[in-house]
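2 protein chains.
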Amino acid sequence: MAHSIGVIGGGQLARMMVPPAVHLGFDLRVLAEAEGTSARLAATAVGDHHDARAVLDFARDVDVVTFDHEHVPQEVLRALVEAGVAVHPSPGALAVAQDKIVMRERLTALGLPVPQWAAVHDSAELGAFLEGHGGRAVVKTPRGGYDGKGVRVVRAADEADDWFAVVAEHGADAVLLVEELVEFRRELSQLVARRPSGEIAAWPLVETVQRDGVCAEVTAPAPGASDALVREAEAIARSVAEQLEVTGVLAVELFETADGRLLINELAMRPHNTGHWTIDGAVTSQFEQHLRAVLDLPLGETTAHRPWSVMVNVLGGPSEGTMGERLAALMADQPGAKVHDYGKDPRPGRKVGHVTTTGDDLDDVTARARAAVRFFEG
Amino acid sequence: MAHSIGVIGGGQLARMMVPPAVHLGFDLRVLAEAEGTSARLAATAVGDHHDARAVLDFARDVDVVTFDHEHVPQEVLRALVEAGVAVHPSPGALAVAQDKIVMRERLTALGLPVPQWAAVHDSAELGAFLEGHGGRAVVKTPRGGYDGKGVRVVRAADEADDWFAVVAEHGADAVLLVEELVEFRRELSQLVARRPSGEIAAWPLVETVQRDGVCAEVTAPAPGASDALVREAEAIARSVAEQLEVTGVLAVELFETADGRLLINELAMRPHNTGHWTIDGAVTSQFEQHLRAVLDLPLGETTAHRPWSVMVNVLGGPSEGTMGERLAALMADQPGAKVHDYGKDPRPGRKVGHVTTTGDDLDDVTARARAAVRFFEG
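First to last, the sequence lines map onto chains W and E. Using this note's numbering, you'd call the opening residue of the first sequence number 450 and step up by one each time. Using this note's numbering, you'd call the opening residue of the second sequence number 450 and step up by one each time.
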């Protein structure tokens, strides 16, 4: 019998698990939200991940269940575990990734470096936090945010009233997360993978550039990072993975502050946009590693093939026609570019693909990746 | 509309086209011989490739038809072309790969270097050839041979009588190919890809080691090859591709003779075992390149990631259980090994997978690939 993995969610992360599953001889099955999702090739069922019965039916005969996203409700996750299904990452670990206030509480309790934060229930509490932090702060909805959604910079106590109204509809626990607006030099991301038996593997620390709250570009390794910084980032990510008992890939998004400290911005417990470069740039990609980790197989080497890798997202995609129609021109211009088309309809701001380039000279590698992606714009 | 490719045949070559199709957003469809073939994930039809109706039905709405093997009869290929289907490589090019006597005739006419050969109709003609070539020769069935099947070293005129009897059953054209037994220093393989509009890309020349007529190990690049040898091999392969108008990947298997000449041993017009290392070892794999080429898209960079890549085949597979059951031990021992499991049942001598390693030190890279494959033996 082949190792079998059930993935809940049919987005591009599930899609990009298909190639390593094909190579390693794994049986990958996807529970997709709808027909025609990005991971349609491996979709063996269509169903709602809020529906415990649909998820249990899907999970019945796989070795392990894992995820394309972090939106499966805890009660569904718990039902899987009670039914004897191996679930990685576990519901307990996922709970921390699903709620930003729970995450801040846990990280704070573990002594890990996070921005100053508070859970606020109304504009008065938000006003008090603003007063203590120079009149500026970041407000986040604890749940459901992604790619810049549910994140807002505020400069006055009433600038989150609409969100307070929305969370109030969800009952007594009407609360928002507020954080200091960190003055950062740049954003970094440390990816690691951990398997249930405890082994951890780390990829090189990378620099990420966000635009409108969405990952736009990743450079691996992070240029000019000191050995001390690299060690600290890896130590933080290892500590999160171990102490929260994360299984599979864990992405720790970090701020490098103006005064040289690292602060944890976000966590993701799945393959992550800041690790897409590993498909073409590292001996073991984050997608292969995630499958190995959740199956509790030994982890693969994370060395980069070349000194530099740059990944640029295709955000939105062509205003007319498809990415496929632009391929010929791109390939003629950039024969070394590795193109990834998620098979999704173009839509402003939507992540519809990415391009990775590798090589010895960072300026050249960056220029080639950017040039390639421009063929998908306009 | 996504680019769509129909592949006739559901073996491991079709299977290994799936990952690049997923990444590039191509719609890959496979016409498989049976349920449960190696390429089952992409199989959209099951049918006999000798059945023109089944093949035409399959080919109706794809952009191009290509192949997992070279066994589709010419009349079926011609029916596709007459129906307006784009077929790459073309029937005319494939005819040369399908019949070893046709191949020898064409290569000889083009002035390309081949072993001395003859088409022989009976043991008397074979005896005459043996007499002129030191009493030893290689006899090959013109059609249907692969992986050492249909190839025999003979030392007496009557040692091919059984084969003459078999080919005689197939009618008037009862003929065998006989060739001089080349004293070679080693075997090499030059892979190139050519697209219909003429562009050609070449990968580094590789050394191959055959065991019982089956590819066992490939080293890229060929150790110690002089610049002149590398240039000559590439020139030969480019010449074959251009003059036979091959489209897609072309493998030219070569003998490097004891006196330093190159002679063409075999041709294959599809991704080839001697190019499997490119999946993990080169910027563009032979499988991605084949899809690009048959779609007439610009070809990708063929540079190797690291100084050395070694590919070792898994021949036969475990005597008990599955490759999957051996993975944990292999991965613990060889974290840098890239494992490819074709999802086929183990059987003595059968190609059921391969392992590739890459790195800076050839001895180390070779030792790691061999060590990994040993986990699938016994």
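Using N, Cα and C, we set each Cβ at its ideal position, and we do this for glycine too.
Inter-residue distance for E/T771 and W/M450 is about 7 Å (C-alpha atoms, whole angstroms). For a Cβ distance threshold of 7 Å, residue set H472 of chain E lies close to W/H789, ordered along the chain. Taking 8 Å as the cut-off, the beta carbon of E/I713 is found no closer than this to the beta carbon of E/L699. Boundaries of the alpha helix (DSSP H) harbouring W/A508: A501 to A508, taken from the DSSP string.
Listed along chain E are M780 and P784, each with a C-beta nearer than 8 Å to that of W/L748. One finds nothing in chain W with a Cβ atom closer than 8 Å to the Cβ of E/M760; even the nearest lies about 13 Å away.
Between the beta-carbon of W/Q639 and that of W/I685 there is about 7 Å, and that keeps the pair under the 8 Å contact cut. Contact annotation: E/V514 and E/V495 have beta-carbon atoms that are not nearer than 8 Å. Residue pairing from DSSP places W/R601 in a beta bridge opposite W/V588.
Counting along the chain, no beta strand (DSSP E) covers W/F825, and no H or E run does either. The alpha-carbon separation between E/V822 and E/V804 amounts to approximately 7 Å.
Look at W/Q659 here: in three-state DSSP terms it is strand.
Proximity of E/A451 to chain W, defined by a Cβ-Cβ separation below 8 Å, is satisfied. Taking C-beta atoms under 8 Å as the contact rule, W/E636 and W/V761 fail to qualify, at a distance of about 15 Å.
Here W/S675 is exposed. Its C-beta has fewer than 16 other C-beta atoms within 10 Å.
When DSSP states are grouped into helix, strand and coil, E/D745 belongs to the coil group. Among the residues facing chain E, W/G773 is included, as its CB has a counterpart in that chain under 8 Å away. Going by DSSP, E/E691 is part of the alpha helix (DSSP H) stretching over D676 to Q692. Closer than 8 Å to the CB of W/A818 there is not a single CB belonging to chain E.
If you look at E/W566, you'll find it in the beta strand (DSSP E) that goes W566 to V569. Bounds of the alpha helix (DSSP H) holding E/A544 are P540 to Q547. By the CB criterion at 8 Å, W/L748 and E/P784 fall inside the cutoff. Using a 10 angstroms sphere on the CB of E/E769, the tally of other CB atoms stays under 16, which defines it as exposed.
W/S646 counts as exposed, since fewer than 16 other C-beta atoms from the protein chains shown sit within 10 angstroms of its C-beta. At a cut-off of 8 Å, the C-beta of E/L490 has a neighbouring C-beta in chain W. DSSP lists W/E636 and W/L712 as the beta-bridge partner residues of W/F704. Chain-order list of chain E residues neighbouring W/P468: V467, P468, P469, V471 and H472, by C-beta distance under 9 Å.
Between the alpha carbons of E/H499 and W/T806 lies a distance of about 43 Å.
Annotation: the continuous beta strand (DSSP E) that includes W/W757 extends over W757 to L764. Here W/T805 carries a strand assignment [DSSP, helix/strand/coil]. W/A546 is a Cβ neighbour of W/M552, given a cutoff of 8 Å.
Beta bridge pairing from DSSP links W/L480 with W/I457 and W/A494.
Checking the DSSP bridge columns, you'll see E/I649 partnered with E/R643. In chain order, F578, L579, V603, V627, E628, E629 and L630 place their CB closer than 7 Å to the CB of W/A586, counting only its own chain and leaving out the 5 sequence neighbours on each side. At a C-beta separation below 7 Å, W/R755 has these neighbours in chain E: H754. Only exposed fits E/A483, as fewer than 16 other CB atoms lie within 10 angstroms of its CB.
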